[in-house]
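Here is the structure we will look at.
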Amino acid sequence: MTPSSRVSSRAACVVLPSHLEGFGIVALEAQRARVPLAVSDTGALREVAGADVPHFAPDDPAACARAIRAALDSDAGVIEQHARDAARFTWDASARQWFDGLCAAVNRP
Numbered sequence: 003m004t005p006s007s008r009v010s011s012r013a014a015c016v017v018l019p020s021h022l023e024g025f026g027i028v029a030l031e032a033q034r035a036r037v038p039l040a041v042s043d044t045g046a047l048r049e050v051a052g053a054d055v056p057h058f059a060p061d062d063p064a065a066c067a068r069a070i071r072a073a074l075d076s077d078a079g080v081i082e083q084h085a086r087d088a089a090r091f092t093w094d095a096s097a098r099q100w101f102d103g104l105c106a107a108v109n110r111p
């Protein structure tokens with residue numbers, strides 16, 4: 003367990019108000035820990051976390067508050083689905099996709 007996953011597993015909600023996020027590992031850790039999540043609608047967060055995770059514009063505090071409330075109000079079934087969704091992101095899967103992409107690039111005419 004990483005330090006951030008240890009922290010997020012004890013949180014009532016994880017909020018990521020990033021203006022720029024290259025991937026969203028912390029979002030996945032929160033989902034795997036079955037912690038409600040609210041993310042900004044910038045960068046890769048919405049794609050990685052999933053379209054049904056509450057999201058907000060990072061410069062809009064009222065929208066952030068609404069997203070946090072929605073995350074906290076998520077039922078257990080939604081949280082479990084998010085954990086299952088997060089499980090599709092593994093280092094093995096990433097390495098496989100990277101390798102397949104390299105092979106495809108090498109095999110191009």
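Mapping of the sequence shown onto the working numbering: residues 3 to 111, in sequence order. The C-beta atom is built at its ideal place from N, Cα and C for all residues, glycine as well. Keep in mind it's a predicted model, so treat the numbers as computed, not measured.
Any idea what DSSP makes of Ser42, helix, strand or coil? Here DSSP, grouped into helix, strand and coil, assigns Ser42 to strand.
Between Thr84 and Leu18, which are expected to be in contact by the criterion C-beta below 8 Å, what is the C-beta distance as a whole number of angstroms? The question names Thr, yet the displayed sequence has His at residue 84. About 14 Å; that fails the 8 Å criterion.
Comparing C-alpha positions only, which one of Asp43, His21 and Gly52 sits nearest to Phe91? Of the candidates Asp43, His21 and Gly52, the one whose C-alpha sits nearest the C-alpha of Phe91 is Gly52.
For Leu30, count the other beta carbons within 10 Å of its own beta carbon; 16 or more makes it buried, fewer makes it exposed. Which is it? Classification of Leu30: buried, given that the 10 Å Cβ count is 16 or more.
With Pro56 and Ala69 assumed to form a contact (beta carbons below 8 Å), what rounded beta-carbon distance in angstroms separates them? 4 Å between Cβ atoms; contact.
Spatial distance of Leu74 from Cys15 (CA atoms): C-alpha separation (whole angstroms): 7 Å.
Limits of the unbroken alpha helix (DSSP H) element including Leu74: Leu74 -> alpha helix (DSSP H) spans Pro63 to Leu74.
Whole-Å CB distance - Ile81 paired with Arg36, under 8 Å assumed: Right, their Cβ atoms sit about 5 Å apart.
Start and end of the beta strand (DSSP E) containing Val17? Element bounds for Val17: Val16 to Leu18.
Start and end of the alpha helix (DSSP H) containing Ala78? Following the DSSP letters along the chain, one finds Ala78 inside the alpha helix (DSSP H) bounded by residues Ala78 to Ala88.
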